[in-house]
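Trainee: In my numbering, the protein residues as written are 2 to 308. Handing you a structure now.
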Amino acid sequence: MTELVTTVASLDQADQLLAAGADRLYLGEDYFGLRLPHSFERAELAQVVELAHQHGKKVTVAVNAIFHNDRIKKVAEYLRFLESINVDEVSIGDPGAIYLLTKEQINLSYIYDASDLVTSSRQINFWAKHQASAAVLAREVPYEEMVPLAKAITIPVEVLVYGATVIHQSGRPLVTNYSNFVQEHLDQADRQRGLFISAPHHPETHYSIYEDINGTHIFANNDVDLMSVLPKLSELKLNRWKLDGLYADETKFVEIVKAFAKARDLMAQQALDEQELAKLDEIVHDNQAPERGLDRGFFDIDPNEVK
Numbered sequence: 002m003t004e005l006v007t008t009v010a011s012l013d014q015a016d017q018l019l020a021a022g023a024d025r026l027y028l029g030e031d032y033f034g035l036r037l038p039h040s041f042e043r044a045e046l047a048q049v050v051e052l053a054h055q056h057g058k059k060v061t062v063a064v065n066a067i068f069h070n071d072r073i074k075k076v077a078e079y080l081r082f083l084e085s086i087n088v089d090e091v092s093i094g095d096p097g098a099i100y101l102l103t104k105e106q107i108n109l110s111y112i113y114d115a116s117d118l119v120t121s122s123r124q125i126n127f128w129a130k131h132q133a134s135a136a137v138l139a140r141e142v143p144y145e146e147m148v149p150l151a152k153a154i155t156i157p158v159e160v161l162v163y164g165a166t167v168i169h170q171s172g173r174p175l176v177t178n179y180s181n182f183v184q185e186h187l188d189q190a191d192r193q194r195g196l197f198i199s200a201p202h203h204p205e206t207h208y209s210i211y212e213d214i215n216g217t218h219i220f221a222n223n224d225v226d227l228m229s230v231l232p233k234l235s236e237l238k239l240n241r242w243k244l245d246g247l248y249a250d251e252t253k254f255v256e257i258v259k260a261f262a263k264a265r266d267l268m269a270q271q272a273l274d275e276q277e278l279a280k281l282d283e284i285v286h287d288n289q290a291p292e293r294g295l296d297r298g299f300f301d302i303d304p305n306e307v308k
């Protein structure tokens, strides 16, 4: 059965997403997790977990930051807290954090999430041997590489079917440094500011950029939308679908999730045809943020062209 994993921006949205058909909620706190629509404090996080479990659904908490010595000291205690509120799974990419999870014998499943490093079945199967229950597939893996990978993996992989794709992260505050360099005052460098950068001599490019405690994050021009190729993913049994609402309107993101949930349900009934897919994709486009485009990301790209 296909599983829909969705980011969460508030407790109210969590309730709506569960009603919309989400199977698993993905959230966390900025200190431990990367590129989240909202940084949930512990009391809020516990509320979301309780709500999800009341609906028979699951919760994954992001613990996928890159931890330096000062911050990794706090990871074990955070993992114990997540265990105490019965979180179903954590996402982790730092081997040091995985080591702590094992060493402290914390009873939490984890999905391996090392961003663009997860590109081969051997990488995925290596972490499976180290107790990973699943892995997040890099956004840069095109369909032609998914085909042999899907045949060789021993654990499920999560594929981004909607949302923003990060193309660069730096631990440095690049926006603030630039602002200081040009001697301009910058009141705000977070996601709500709506900052972007363009490639030289290509003013049509629009790479969203923001800063937080984890540094500077730069995103691709367009959000990914794989609605039209969901049957291909299903044929490969890549049935853990991630929807990332980082740049989506909180209400409209729920409508997008509904569209993907309907596609999932129709596919299970063998009733999803091209006409229905086109209608559902239109819903995605209608609810997309006007300042952000949509495309299929790396899905159709020749593997030889991926750099």
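Every residue gets a Cβ at the ideal spot worked out from N, C-alpha and C, and that includes glycine. Predicted model only: the values in this text are computed from it and were never measured.
Out of curiosity, what's the CA-to-CA distance linking residue 99 and residue 274?
Mentor: For this step, residue 99 is matched to residue 98 along the sequence shown. For this step, residue 274 is matched to residue 273 along the sequence shown. Roughly 42 Å between the two C-alpha positions.
Trainee: Kindly list the residues whose CB is nearer than 8 Å to the CB of residue 93, restricted to its own chain and excluding five residues on each side of it in sequence; keep chain order.
Mentor: Against the sequence shown, residue 93 aligns to sequence position 92. 64, 65, 99, 102, 111, 112, 113, 114.
Trainee: When you compare only the Cα positions, how much space is there between residue 253 and residue 304?
Mentor: In the sequence shown, residue 253 corresponds to position 252, counting from 1. In the sequence shown, residue 304 corresponds to position 303, counting from 1. Computed Cα separation, rounded: 33 Å.
Trainee: Provide the residue span of the alpha helix (DSSP H) that contains residue 226, from first to last.
Mentor: Position 225 of the sequence shown holds residue 226. Taken as a continuous stretch (DSSP letters only), residue 226 belongs to no alpha helix (DSSP H), being part of the beta strand (DSSP E) at 223-226.
Trainee: Indicate the three-state DSSP secondary structure (helix, strand or coil) for residue 296 in the structure shown.
Mentor: By one-based count along the sequence shown, residue 296 stands at place 295. Correct three-state label for residue 296: strand.
Trainee: Which residues does DSSP pair with residue 112 in a beta bridge?
Mentor: Along the sequence shown, one-based indexing puts residue 112 at 111. Bridge partners of residue 112: 92, 135.
Trainee: Taking 8 Å as the limit between beta carbons, can you name the residues of its chain near residue 297, skipping five residues before and five after?
Mentor: Translated into positions along the sequence shown, residue 297 becomes position 296. Excluding sequence neighbours, residue 297 sits near 225, 226, 227, 229, 230.
Trainee: Quick check on the burial criterion: 16 or more other C-beta atoms within 10 angstroms. Buried or exposed for residue 69?
Mentor: Numbered from 1 along the sequence shown, position 68 holds the residue referred to as residue 69. It counts as exposed.
Trainee: Beta-carbon within less than 7 Å of residue 277's beta-carbon, same chain only, minus the 5 sequence neighbours each way: which residues are those?
Mentor: On the sequence shown, residue 277 is found 276 positions in, with the first residue counted as 1. Closer than 7 Å at Cβ, skipping near neighbours: 267.
Trainee: According to DSSP, simplified to helix, strand and coil, what is residue 238?
Mentor: Along the sequence shown, one-based indexing puts residue 238 at 237. Coil at residue 238, not helix or strand.
Trainee: Taking a contact to mean a Cβ-Cβ separation below 7 Å, would you say residue 247 touches residue 36 in this structure?
Mentor: By one-based count along the sequence shown, residue 247 stands at place 246. By one-based count along the sequence shown, residue 36 stands at place 35. Cβ atoms of residue 247 and residue 36: closer than 7 Å.
Trainee: For residue 8 and residue 256, what's the separation of their Cα atoms in angstroms?
Mentor: Reading the sequence shown from its first residue, position 7 is the one you call residue 8. Reading the sequence shown from its first residue, position 255 is the one you call residue 256. Going from the Cα of residue 8 to the Cα of residue 256 covers about 13 Å.
Trainee: Rounded to the nearest angstrom, how far is the Cβ of residue 90 from that of residue 59, given a contact under 8 Å?
Mentor: Locating residue 90 in the sequence shown gives position 89, where the first residue counts as 1. Locating residue 59 in the sequence shown gives position 58, where the first residue counts as 1. Going by Cβ atoms, the distance from residue 90 to residue 59 rounds to 7 Å, so yes, they are a contact pair.
Trainee: Give a yes or no on contact between the region 231-250 and the region 158-165, applying the rule of three or more CB pairs nearer than 8 Å.
Mentor: Touching, yes.
Trainee: Closer than 8 Å is the cut-off here; do at least three beta carbon pairs connect the region 3-17 with the region 230-241?
Mentor: With a cut-off of 8 Å, the region 230-241 and the region 3-17 count as touching, because enough Cβ pairs lie within range.
Trainee: Assign residue 27 to one of three DSSP states: helix, strand, or coil.
Mentor: Here residue 27 is taken as the residue at index 26 of the sequence shown, counted from 1. Residue 27: strand per DSSP, three-state reduction.
Trainee: So, is residue 123 buried or exposed, given that buried needs 16 or more other C-beta atoms within 10 angstroms?
Mentor: Residue 123 sits at position 122 when you count from the first residue of the sequence shown. Result: exposed.
Trainee: For the alpha helix (DSSP H) holding residue 19, just list the boundary residues, first then last.
Mentor: Locating residue 19 in the sequence shown gives position 18, counting from the first residue. Unbroken alpha helix (DSSP H) run through residue 19: 12-21.
Trainee: Is the separation between the beta-carbon of residue 38 and that of residue 10 shorter than 7 Å?
Mentor: For the purposes of this step, residue 38 is taken as the residue at position 37 of the sequence shown. For the purposes of this step, residue 10 is taken as the residue at position 9 of the sequence shown. Cβ distance < 7 Å, so residue 38 and residue 10 count as in contact.
Trainee: What would DSSP say about residue 59, mapped onto helix, strand or coil?
Mentor: Your numbering for residue 59 matches position 58 in the sequence shown. In this structure, residue 59 counts as strand in the three-state DSSP scheme.
Trainee: In the DSSP assignment, what are the bridge partners of residue 32?
Mentor: Mapped onto the sequence shown, residue 32 falls at position 31. Partner(s): none; residue 32 has no beta bridge.
Trainee: Per DSSP, what kind of secondary structure is residue 121 in: helix, strand or coil?
Mentor: Taking the first residue of the sequence shown as 1, we reach residue 121 at position 120. Three-state DSSP puts residue 121 in coil, outside helix and strand.
Trainee: Expressed to the nearest angstrom, what Euclidean distance is found between the alpha-carbon atoms of residue 120 and residue 152?
Mentor: Looking up residue 120 in the sequence shown gives position 119. Looking up residue 152 in the sequence shown gives position 151. Their Cα atoms are separated by approximately 14 Å.
Trainee: With burial defined as no fewer than 16 other Cβ atoms inside 10 Å of the residue's Cβ, what is the status of residue 95: buried or exposed?
Mentor: Residue mapping note: residue 95 aligns to position 94 of the sequence shown, counting from 1. So residue 95 counts as buried.
Trainee: Please report the distance separating the alpha-carbon of residue 87 from that of residue 31.
Mentor: Along the sequence shown, read from residue 1 onward, the residue named residue 87 stands at position 86. Along the sequence shown, read from residue 1 onward, the residue named residue 31 stands at position 30. Spanning the two alpha carbons is a distance of roughly 20 Å.
Trainee: Three-state secondary structure (DSSP) at residue 8?
Mentor: Within the sequence shown, the letter at position 7 stands for residue 8. Note: residue 8 maps to strand in three-state DSSP.
Trainee: Thinking just about the alpha-carbon of each residue, which of 22, 21, 50 is nearest to the one in residue 28?
Mentor: Your numbering for residue 28 matches position 27 in the sequence shown. For the residues 22, 21, 50, the minimum Cα distance to residue 28 belongs to 50.
Trainee: Identify, in the order they occur along the chain, each residue of the same chain with its Cβ nearer than 8 Å to the Cβ of residue 279, setting aside the five sequence neighbours on each side.
Mentor: Walking along the sequence shown from the start, residue 279 turns up at place 278. These residues qualify, in order along the chain: 229.
Trainee: Alpha carbon to alpha carbon, what distance is there between residue 281 and residue 261?
Mentor: Your numbering for residue 261 matches position 260 in the sequence shown. Your numbering for residue 281 matches position 280 in the sequence shown. For residue 261 and residue 281, the distance between alpha carbons rounds to 8 Å.
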